[in-house]
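> Pasting a structure below so you can have a look.
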Amino acid sequence: MRYHFLIITALLIGVVTLLFALRWRDYIKDAMKKRSRFIEFAKKLPGPPTLPFFGNALTFWETDRTVITLLDIHRKLNKSIFKFWLGPSLKIVVTDPDDFEILLKSPHASKKDDLYLCMEPAIVNGLINSNLGSYRLHKKILTPIINSTASVSRHAEKFNYHASILVDRLKEKCGKEEFDAHDYIGFCVGDIAFETLTGLAGKGQLGEPSPFYHLSQEGLHILTYRMMRPWLHPDFIFRLTRSGRKFYKITKEAHAFVDYFIAEKIKNYDPMHEEELHTYKPVIDTLIDHMMVSKDLTPEELRYEFVTLFVAMFETVEGVSCLILSMIAMYPEVQEKIRQEINNVCKSDYISESEVSDLVYLEMVIKECLRLFPVGPVLPRKITEDIKLSTCTVPKDISVFMLIFSTHRNPKYWKDPEKFIPERFAPENSKDRHPYQYLPYSSGLRMCPGPKYGVVCAKILMAKILRSYYLTSTMTLDTIRLHTHLSTRFTDGYWIKLTEIQA
């Protein structure tokens, strides 16, 4: 009896296997053909040694050092294009500005890499990982609201208000030992982003951070950890892990807040009048008005764009402001030059957007900081059609990583690349530079929609702080350890010491 049962079971398994093979025959055939093509292409490129199944995944075990690991590989191989394997997935890394230009201008390299699918639980089809059609539509809606001169000028009021609170909070650190400025800057920028989007008072500096603060701080770290571990890519596996459960909990809390907030706004919707278009309105009010009038956004899309915008605003402005503050503290001569410029340009405690545009040397300092520590240290793309680069033709369906971080530190393109020299961005020193040699905010079809917002915010924060305090630091550029989430961070924090400037 048992023998018959085993025969029947074996037959059933065989039938199911046969049916599966017949059903998915074409898919399996295409997958095998694609993999064979990838392997043949990979043979032409240099790369680090691999392990069976893992490829080079274990090389990236220290997730926070992913970009630094890629930089090390690039320097050892000394090739502008190289490969690595993340499990069974082939990744191509490019570092040549000519190749950046080809890729960033091509509609066939506008799709984000499949690694960004790890972000779907939080932002689904938001601006960061949407397809090109949705991206263009949403960017067209969002850019004027966030990045136009008029809108940034109106946002400047919020920048000034929260920067003043930050300056007051920093008084408790005056005359004391060095401290990590991260939380002080983080809560300030979190409040600015939250108030810019919602119009509600940001209270992180008062001890009540928004739910998005945790999504940005902890969620992005978990996402980066997941991205570099292929075995965590399937959702059903990730949900079983401690990190996965924590990530979904944080995401659920953020989404619940947004859904309630949007529903209340829609319920109490009052169409904007012409005169209101020229006054300050929270981003969400303008988006809801657009949604109700144009019908080309859904409440669900609005939710994901809201979360995307907060994470993007927070991650970039907070990270950039922290590292600028640290670099200014490390270089007293640069600091004094900035302070003199601020005192000459800014005539009152309130710093206007027009005054910010006259802070030319501070702009050079920010650019040099973003050269050393770019917001997007690596730009992953999925190639949708064959693309000819400078030394090879990349086949369709390959993932390409544009390693901006390495190009920004390459002596081929920069004199003394490991030194902090803001003057390299003076107009006379920038005129012959390759346009894709310096990419602090990406470029082309997927360029960051809000660089002006971020720079104006960072400038106002720096100006407010430097008018009130002298900064020093025992940190040095050559001892800074770096890690990366979606942007570049200092591993050991942003340590500064404050001395109050007497009026």
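Going by the working numbering, the first residue of the sequence shown is number 10, and it counts up by one from there. Backbone N, C-alpha and C fix where the C-beta goes; we use that ideal spot for every residue, glycine too.
Cα-Cα, which of Y359, Y478, L475, R490 is closest to N169?
Residue numbering aside, residue 169 sits at position 160 when the sequence shown is read from its first letter. Cα-wise, what sits closest to N169 is Y359.
> Pick from H171, L54, K461: whose alpha carbon is nearest that of T400?
Reading the sequence shown from its first residue, position 391 is the one you call residue 400. Of the candidates H171, L54, K461, the one whose C-alpha sits nearest the C-alpha of T400 is L54.
> So for M322, helix, strand or coil by DSSP?
Translated into positions along the sequence shown, residue 322 becomes position 313. Helix.
> Return helix, strand or coil for T508, following the three-state DSSP convention.
As a position in the sequence shown, residue 508 is number 499, starting the count at 1. In the structure shown, T508 sits in a strand (DSSP, three-state: E or B).
> Whole angstroms are fine: how far does the CA of Y503 sit from the CA of R490?
Sequence index remark: in the sequence shown, residue 490 carries index 481 (1-based). Sequence index remark: in the sequence shown, residue 503 carries index 494 (1-based). R490 and Y503: Cα-Cα distance of roughly 11 Å.
> Quick one: grab the DSSP three-state call for T497.
The residue labelled residue 497 in the question sits at position 488 within the sequence shown. Strand, per DSSP.
> Check whether the Cβ atoms of E377 and P431 sit closer than 7 Å, and answer yes or no.
Locating residue 377 in the sequence shown gives position 368, where the first residue counts as 1. Locating residue 431 in the sequence shown gives position 422, where the first residue counts as 1. Yes, Cβ-Cβ distance for E377 and P431 is below 7 Å.
> In angstroms with no decimal places, state the Cα-to-Cα distance between D425 and K255.
Residue mapping note: residue 425 aligns to position 416 of the sequence shown, counting from 1. Residue mapping note: residue 255 aligns to position 246 of the sequence shown, counting from 1. Rounded to the nearest angstrom, the two C-alpha atoms are 43 Å apart.
> Where does W94 land, buried or exposed, given buried means 16+ other C-beta within 10 angstroms?
In the sequence shown, the residue the question calls residue 94 occupies position 85. With 16 or more Cβ atoms within 10 Å of its Cβ, W94 is classed as buried.
> Grab me the residues of H171's own chain with a C-beta within less than 6 Å of its C-beta, minus the 5 sequence neighbours each way, in chain order.
Translated into the one-based positions of the sequence shown, residue 171 becomes position 162. For H171, where only same-chain residues beyond five positions count, the Cβ hits under 6 Å are C197, D200, I201.
> Sort I297, W240, R178, I505 by Cα distance to D268 and report the nearest one.
On the sequence shown, position 259 is the one that residue 268 refers to. Nearest C-alpha to D268: I297.
> Within 10 Å of its beta-carbon, does H191 have 16 or more other beta-carbons around it, so buried, or fewer, so exposed?
Here residue 191 is taken as the residue at index 182 of the sequence shown, counted from 1. With 16 or more other Cβ atoms within 10 Å, it is buried.
> Rounded to a whole number of angstroms, what is the C-alpha to C-alpha distance between R163 and K290?
Position 154 of the sequence shown, counting from 1, holds the residue named residue 163. Position 281 of the sequence shown, counting from 1, holds the residue named residue 290. Cα-Cα distance, rounded: 9 Å.
> DSSP has S451 in a bridge; who is on the other side?
Here residue 451 is taken as the residue at index 442 of the sequence shown, counted from 1. According to DSSP, which records beta bridges pairwise, S451 is partnered with P449.
> Grab me the residues of R74's own chain with a C-beta within less than 7 Å of its C-beta, minus the 5 sequence neighbours each way, in chain order.
Taking the sequence shown and counting its residues from 1, one reaches residue 74 at position 65. Counting only Cβ-Cβ distances below 7 Å, and skipping sequence neighbours, we find H492.
> Can you tell me whether DSSP reads G135 as helix, strand or coil?
Within the sequence shown, residue 135 is the residue found at index 126, counting from 1. Low confidence applies here, because G135 scores a pLDDT of 48, under 50, leaving its location unreliable; read the following figure in that light. It is coil, neither helix nor strand.
> Please classify L136: is it buried, with 16 or more other beta-carbons within 10 angstroms of its beta-carbon, or exposed?
Residue 136 sits at position 127 when you count from the first residue of the sequence shown. Residue placement at L136 cannot be trusted, given a pLDDT of 48 that sits under 50; the coordinates are not used to answer.
> In angstroms, rounded to a whole number, what distance separates the CA positions of R251 and K440?
Numbered from 1 along the sequence shown, position 242 holds the residue referred to as residue 251. Numbered from 1 along the sequence shown, position 431 holds the residue referred to as residue 440. Rounded to the nearest angstrom, the two C-alpha atoms are 51 Å apart.
> Opposite F91 in the DSSP bridges: which residues?
Translated into the one-based positions of the sequence shown, residue 91 becomes position 82. Answer is V102, bridged to F91.
> Within 10 angstroms of the Cβ of A338, are there 16 or more other Cβ atoms? Answer buried if so, exposed if not.
In the sequence shown, counting from the first residue as 1, residue 338 sits at position 329. Buried.
> Name, in chain order, the residues that DSSP records as bridge partners for P420.
Translated into the one-based positions of the sequence shown, residue 420 becomes position 411. In DSSP, P420 forms no bridge with anything.
> Let me make sure I understand the geometry here. Which of R390, V464, L80 has the alpha-carbon closest to that of L113?
Within the sequence shown, the letter at position 104 stands for residue 113. That would be R390, whose Cα lies nearest to the Cα of L113.
> Who are T402's beta bridge partners in DSSP?
Position 393 of the sequence shown holds residue 402. Paired residue(s): K397.
> On the DSSP bridge list, what partners appear for H492?
Locating residue 492 in the sequence shown gives position 483, counting from the first residue. Note: H492 sits in a beta bridge opposite R498.
> Quick check on D294: buried or exposed, where buried means 16 or more other Cβ atoms within 10 Å of its Cβ?
As a first step, residue 294 must be located in the sequence shown, where it is residue number 285. That one is buried.
> Run the CB neighbour count on G216, radius 10 Å, all protein chains shown included, and call it buried at 16 or more, exposed below.
Walking along the sequence shown from the start, residue 216 turns up at place 207. Flag for G216 reads exposed.
> Mind checking which residues open and close the alpha helix (DSSP H) that includes T295?
Mapped onto the sequence shown, residue 295 falls at position 286. Start and end: 292-303.
> Identify, in the order they occur along the chain, each residue of the same chain with its Cβ nearer than 8 Å to the Cβ of V374, setting aside the five sequence neighbours on each side.
Here residue 374 corresponds to residue number 365 of the sequence shown, with the count starting at 1. Within the same chain, V374 has close Cβ partners I333, M336, I337, V343, I347, P431.
> Just how far apart, CA to CA, sit I82 and I90?
On the sequence shown, residue 82 is found 73 positions in, with the first residue counted as 1. On the sequence shown, residue 90 is found 81 positions in, with the first residue counted as 1. Whole-angstrom Cα-Cα distance: 11 Å.
> With 16 as the cutoff for other CB atoms within 10 Å, does E310 come out buried or exposed?
As a first step, residue 310 is located in the sequence shown; it is residue number 301 there, counting from the start. Buried, since its Cβ has 16 or more Cβ neighbours within 10 Å.
> Taking DSSP's pairing of strands, which residues face L217 in a bridge?
Counting from 1 along the sequence shown, the entry for residue 217 is found at position 208. The sequence shown places Glu at residue 217, rather than the Leu named in the question. DSSP lists K212 as partners of E217.
> Alpha helix (DSSP H) containing P389: first to last residue?
For the purposes of this step, residue 389 is identified with residue 380 of the sequence shown, where counting begins at 1. Where P389 is concerned, there is no enclosing alpha helix (DSSP H), although the beta strand (DSSP E) it sits in stretches over 388-391.
> Closer than 8 Å is the cut-off here; do at least three beta carbon pairs connect the region 413-429 with the region 325-332?
Result no; under three Cβ-Cβ pairs closer than 8 Å.
> On a CA-only basis, which of E166, R476, E427 is nearest V176? Give me that one, please.
By 1-based counting over the sequence shown, the position of residue 176 is 167. Taking only the C-alpha atoms, the option nearest V176 is R476.
> Where do the ends of the beta strand (DSSP E) carrying F6 lie?
Past the boundaries of the shown model lies residue 6; the chain is included only from 10 to 512, so the question cannot be answered.
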